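Asks:
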Amino acid sequence: MSIFKNEEENRDDVLNRDVASITVSTGPTAVNHDIVQVVFVRNYIQVEPKAGWQATSDFSGLVRGLQEQAHELGGDAVLNCHFDEHFIKEEDGKLLFSQVGYGTVVMTKITRF
Numbered sequence: 031m032s033i034f035k036n037e038e039e040n041r042d043d044v045l046n047r048d049v050a051s052i053t054v055s056t057g058p059t060a061v062n063h064d065i066v067q068v069v070f071v072r073n074y075i076q077v078e079p080k081a082g083w084q085a086t087s088d089f090s091g092l093v094r095g096l097q098e099q100a101h102e103l104g105g106d107a108v109l110n111c112h113f114d115e116h117f118i119k120e121e122d123g124k125l126l127f128s129q130v131g132y133g134t135v136v137m138t139k140i141t142r143f
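Just remember that the numbering used here sits 30 ahead of the position in the sequence shown, which is counted from 1.
1. Determine the extent of the alpha helix (DSSP H) in which V93 is found, giving its start and end residues.
2. Checking 9 Å against the spacing of the C-beta atoms, do G131 and C111 come in under that value?
3. Can you tell me whether DSSP reads V49 as helix, strand or coil?
4. Which residue from G91, G104, V61 puts its Cα closest to that of D48?
5. Rounding to the nearest angstrom, what Cα-Cα distance links S51 and I75 in this structure?
6. Quick one: what's got a C-beta closer than 7 Å to E98's C-beta in the same chain, skipping five residues either side?
7. Looking only at C-alpha atoms, which of E121, L125, L109 sits nearest to F70?
8. Would you identify the three-state DSSP class for V121, choosing helix, strand or coil?
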């Protein structure tokens, strides 16, 4: 039995949840939860390497993408996330910087005390 008349409509209000508030973690959680789905995000950036140029490991775009997918699926967090980056040289000689992120979307179980 739900504590709300319509749990689906009221869940966001109770959790005060918006996209930016969804937790993204590289580890697990001790909170009771249900697994929703594994999600993936990939970014490509075309680069022109120059002498002294270095790639930056700014995964904020990937984190935001994971949060948006979790929100669409009704999840509260994305757990056990992994991030990776590498260069891809295309046939035409262009160089792409590829970033990949993935994790498991979960929904926290709301319990009454």
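All C-beta atoms, glycine included, are put in the ideal place defined by N, C-alpha and C. Here the structure is a predicted model, which means the values were calculated and not measured.
Replies: Taking the geometry as given:
1. Locating residue 93 in the sequence shown gives position 63, where the first residue counts as 1. From DSSP, the alpha helix (DSSP H) with V93 extends over 90 to 103.
2. Locating residue 131 in the sequence shown gives position 101, where the first residue counts as 1. Locating residue 111 in the sequence shown gives position 81, where the first residue counts as 1. It is a contact, given that the beta carbons lie within the stated cut-off.
3. As a first step, residue 49 must be located in the sequence shown, where it is residue number 19. V49 falls in the helix class under three-state DSSP.
4. Position 18 of the sequence shown, counting from 1, holds the residue named residue 48. Between D48 and the set G91, G104, V61, the nearest pair of CA atoms involves G104.
5. Position 21 of the sequence shown, counting from 1, holds the residue named residue 51. Position 45 of the sequence shown, counting from 1, holds the residue named residue 75. In a straight line, the C-alpha of S51 is about 27 Å away from that of I75.
6. Here residue 98 corresponds to residue number 68 of the sequence shown, with the count starting at 1. Here the set comprises V49.
7. Counted from its first residue, the sequence shown places residue 70 at position 40. When C-alpha distances from F70 are compared across E121, L125, L109, the shortest belongs to L109.
8. Along the sequence shown, one-based indexing puts residue 121 at 91. Here residue 121 is Glu; the residue named in the question, Val, does not match the sequence. Note: E121 maps to coil in three-state DSSP.
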